[in-house]
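In our numbering, the protein residues as written are 53 to 756.
Beta carbons: idealized from backbone N, C-alpha and C, even for Gly.
Encoded structure:
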């Protein structure tokens with residue numbers, strides 16, 4: 053080790069490593085440090101440089117001739133007093149929280165931990181440098197060409213939740229060296245699938261640098277999902293085909309540029325609520341050794357332990373200005389430098405916990421609202437965490453959208469035949485005004501979904517009553533306890549072919565409901581082709597064929613159906629209104645009406661009684677109050693959506709005040725569902741009077 057490098061004082065901001073063409077400025081925040089060393093790594097050698105300049109607790113230096121590709125880390129000298137929340141130990145190499153690229157991973161040697169194995173109260177002074185990742189200095193320059201954000205209005209958005217690696221890991225038409233990478237997702241055949249499907253945005257599961265947990269490595273598994281971040285500025289290095297010397301950054305940018313050129317937005321699933329360092333028994337990789345009490349929420353009366361509302365061991369300390377600055381700087385970086393279009397915040401309720409309670413006006417949300425960059429992109433919350441009062445659906449600030457867990461639960465209950473309150477379904481179909489209207493939000497505040505990465509795939513949802521997570525190595529105890537009994541074979545078909553047909557119909561029912569509801573639909577990658585995980589509803593550690601997109605066994609009929617559904621939604625603005633339904637008459641009928649199978653309006657008892665759902669929804673295309681993109685008044689066709697979630701066919705009277713003649717558009721019980729007539733109607737023939745809506749099916753009629 054040497055200390056023969058001479059530098060200049062440099063600047064405290066920006067934090068991290070900033071290359072300017074001739075040298076690099078390094079800056080690290082630590083309020084608790086007594087001294088900080090910058091460590092440079094070249095060909096297995098380490099050089100240490102003392103940082104003697106300190107401004108506002110930021111330790112900084114400028115080093116000429118230190119440039120792109122330089123690997124580095126920090127060592128922080130300071131108090132080792134776990135009982136007071138301080139865990140400084142200069143024997144531990146610490147990753148720069150602001151590293152733009154990261155090389156290497158954690159090998160889980162004992163040196164990675166602050167204690168000796170078997171004695172958690174001890175202090176371990178082994179050098180961790182050979183066993184932990186290092187930051188990499190990157191070039192800030194990239195040719196974006198004519199790149200511009202698609203800026204798709206929320207109410208016109210169709211979000212596709214996907215995994216960067218899993219989407220292309222087995223794609224036969226993508227070169228092998230590009231599969232599972234940013235470049236693989238940017239490949240024309242990958243983009244062609246997204247374009248032909250009709251989605252407007254990809255929501256990428258975590259691409260911030262993350263760590264494969266120690267407990268998983270002990271079981272021979274990996275953290276596939278990536279909700280275990282350690283670097284909030286760095287694209288995960290394992291998804292790079294170009295190398296880990298910083299080349300992952302331009303590769304990620306090129307992916308964004310390619311998706312934008314196709315008109316597809318990029319939304320990142322971000323995990324700012326916790327880090328990969330876990331609780332007091334976890335490793336020391338970065339924040340713990342830099343300034344533990346500043347970055348993490350500690351138990352007030354016992355600061356040796358961590359306050360945990362995420363179930364992962366720790367929670368970031370949103371009450372500290374530098375922890376807030378870290379997150380805000382990260383968000384701005386991904387928008388301004390990486391050109392992403394929005395964020396989905398994992399366990400977002402944790403970000404609101406300044407003290408003990410969820411506070412929708414916490415400092416983080418105040419900062420987002422006033423920030424001229426972040427406030428202008430799409431902001432989506434997963435509105436819950438594991439703390440007290442953590443289920444906060446409907447309680448986020450006005451400019452936010454939310455994953456609507458109540459939508460998921462209601463729609464699933466309806467189609468699995470559970471007795472349900474029709475009024476609850478009506479709210480979910482029309483954008484959940486009961487959750488979002490009071491605070492001036494619009495239907496696009498509701499991100500609707502029936503499946504997501506966390507849980508069963510769509511095909512498995514209708515096929516399994518019980519989970520099958522045995523491969524996770526936790527005795528099948530992990531994940532949601534069961535599937536709440538879909539029982540496709542009960543009170544219905546008993547032969548295998550009929551059961552398969554019913555499962556296929558249930559998939560079509562759930563998808564039709566999703567894309568015909570007001571709000572923003574989110575489709576789980578692979579659901580459009582019938583992807584199965586073999587009943588595993590918690591495949592977070594399955595970095596293999598269990599989780600990857602199965603390109604070899606696609607359900608082509610289902611893919612065609614989903615493609616038509618998305619196109620139908622795109623063509624008819626009555627299914628993606630910007631504003632709420634008012635229920636006021638226009639030309640004799642309101643913008644929305646609800647009807648019973650006998651063709652009459654709903655009664656009070658119909659709205660409040662629990663029973664198998666059988667309800668009709670009339671959408672008046674002449675009553676769309678939202679202007680078009682150039683201010684013109686939008687007029688659409690009018691439709692009847694007839695839902696029969698019961699186990700028996702229902703005769704339905706469709707002629708009446710809403711229209712005398714109708715054309716069949718969709719029947720989920722038909723094969724194919726589109727264009728074959730609806731109910732008792734014949735293809736091409738007007739539907740009048742009564743039709744039959746099959747058991748467990750949905751019918752859409754267009755007014756002639």
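Residue i by DSSP, collapsed to three states: which one?
i, result
"residue 245", "helix"
"residue 462", "helix"
"residue 155", "strand"
"residue 754", "strand"
"residue 84", "coil"
"residue 635", "coil"
"residue 467", "helix"
"residue 542", "Summary for residue 542: the model assigns pLDDT 40, below 50, so the residue's position carries little reliability; its value from the coordinates is reported in the next sentence. The answer is coil: DSSP assigns residue 542 none of H, G, I, E or B."
"residue 373", "helix"
"residue 226", "coil"
"residue 711", "strand"
"residue 32", "This structure cannot settle anything about residue 32, because the visible part of the chain is limited to 53 through 756."
"residue 322", "strand"
"residue 67", "coil"
Give the C-beta separation of residue i and residue j to the nearest angstrom, bearing in mind that I take them to be a contact with Cβ-Cβ under 8 Å.
i, j, result
"residue 324", "residue 282", "About 12 Å separates the two Cβ atoms, so there is no contact after all."
"residue 598", "residue 591", "6 Å"
"residue 620", "residue 222", "With 8 Å as the limit, residue 620 and residue 222 do not qualify as a contact, their Cβ atoms being about 30 Å apart."
"residue 502", "residue 464", "6 Å"
"residue 151", "residue 98", "That belief does not hold up - the Cβ atoms of residue 151 and residue 98 are roughly 17 Å apart, past 8 Å."
"residue 646", "residue 478", "6 Å"
"residue 691", "residue 626", "7 Å"
Leaving out five residues before and five after residue i in sequence, what residues of the same chain have Cβ atoms less than 6 Å from its Cβ?
i, result
"residue 394", "319, 429, 430"
"residue 522", "528"
"residue 72", "none"
"residue 582", "511, 607, 610"
"residue 745", "694, 696, 702, 704, 731, 751"
"residue 242", "220"
"residue 674", "687"
"residue 134", "356"
Taking buried to mean at least 16 other C-beta atoms within 10 Å of its own C-beta, is residue i buried or exposed?
i, result
"residue 482", "buried"
"residue 498", "buried"
"residue 452", "buried"
"residue 123", "buried"
"residue 259", "buried"
"residue 252", "buried"
"residue 114", "buried"
"residue 643", "buried"
"residue 334", "buried"
"residue 374", "buried"
"residue 633", "buried"
"residue 142", "buried"
"residue 288", "buried"
"residue 185", "buried"
"residue 580", "buried"
"residue 513", "buried"
"residue 710", "buried"
Have a look at residue i and residue j and give me their C-alpha separation to the nearest angstrom.
i, j, result
"residue 541", "residue 487", "With a pLDDT of only 37 at residue 541, under the threshold of 50, the placement of this residue in the model should not be trusted; the figure read from the coordinates follows. Going by the C-alpha atoms only, they are around 35 Å apart."
"residue 20", "residue 519", "Residue 20 cannot be examined here, being either before or after the span of the chain that is shown, 53 to 756."
"residue 278", "residue 257", "7 Å"
"residue 193", "residue 369", "33 Å"
"residue 552", "residue 670", "31 Å"
"residue 201", "residue 613", "29 Å"
"residue 217", "residue 265", "18 Å"
"residue 414", "residue 404", "5 Å"
"residue 284", "residue 326", "11 Å"
"residue 245", "residue 206", "22 Å"
"residue 723", "residue 609", "9 Å"
"residue 363", "residue 102", "38 Å"
"residue 163", "residue 139", "14 Å"
"residue 589", "residue 86", "48 Å"
"residue 770", "residue 303", "Outside the shown range of the chain, which is 53 to 756, sits residue 770, and nothing can be said about it."
"residue 108", "residue 342", "15 Å"
"residue 95", "residue 208", "52 Å"
If I measure Cβ to Cβ from residue i and keep anything under 8 Å in the same chain, skipping five residues before and after, which residues do I get?
i, result
"residue 749", "557, 561, 696, 719, 720, 721"
Leaving out five residues before and five after residue i in sequence, what residues of the same chain have Cβ atoms less than 7 Å from its Cβ?
i, result
"residue 747", "696, 698, 699, 700, 701"
"residue 471", "662, 663, 664"
"residue 273", "525, 593"
"residue 70", "76, 77"
Any beta carbon from chain C within less than 8 Å of residue i's own beta carbon?
i, result
"residue 151", "Structure shown: chain C not included; a single protein chain is present."
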